[in-house]
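Take a look at the structure below.
In our numbering, the protein residues as written are 2 to 94.
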């Protein structure tokens, strides 16, 4: 009984993200999708908040921003990306 209680306690305390990120190739670079329960919630093929329509230069850059968005969603924050976020994560645009 104690073992069962400890097991339940440990599994309930382990935080698992309900979101899954995947990168994809665009004609001019990279983008990302964020899905939950096998349903795409966000498909971002261009760098947000800049004045140009450009994809991310590298897959790594796309995933950096995608992971930032997931962090915001997990904290019940708006998934909006700011220009400051791009600068802090050293995303070239």
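Glycine residues also receive a C-beta, built at the ideal position from the N, C-alpha and C atoms.
Counting C-beta neighbours from all protein chains within 10 Å, is the total for residue 62 16 or more, i.e. buried, or is it exposed? Within the chain shown, the letter at position 61 stands for residue 62. Result: buried.
Could you tell me if residue 70 is buried or exposed, where buried requires 16 or more neighbouring beta carbons within 10 angstroms of its beta carbon? The count along the chain shown starts at 1 and reaches residue 70 at position 69. So residue 70 ends up on the buried side.
Cα separation between residue 46 and residue 36? Translated into positions along the chain shown, residue 46 becomes position 45. Translated into positions along the chain shown, residue 36 becomes position 35. In a straight line, the C-alpha of residue 46 is about 14 Å away from that of residue 36.
Measure the C-alpha to C-alpha separation of residue 58 and residue 27 and round it to an integer number of angstroms. Sequence index remark: in the chain shown, residue 58 carries index 57 (1-based). Sequence index remark: in the chain shown, residue 27 carries index 26 (1-based). Taking the straight line joining both Cα atoms gives about 10 Å.
Which residues in the same chain as residue 43 place their Cβ atom closer than 6 Å to its Cβ, once the five residues preceding and following it in sequence are excluded? In the chain shown, counting from the first residue as 1, residue 43 sits at position 42. Only 35 meet the Cβ criterion.
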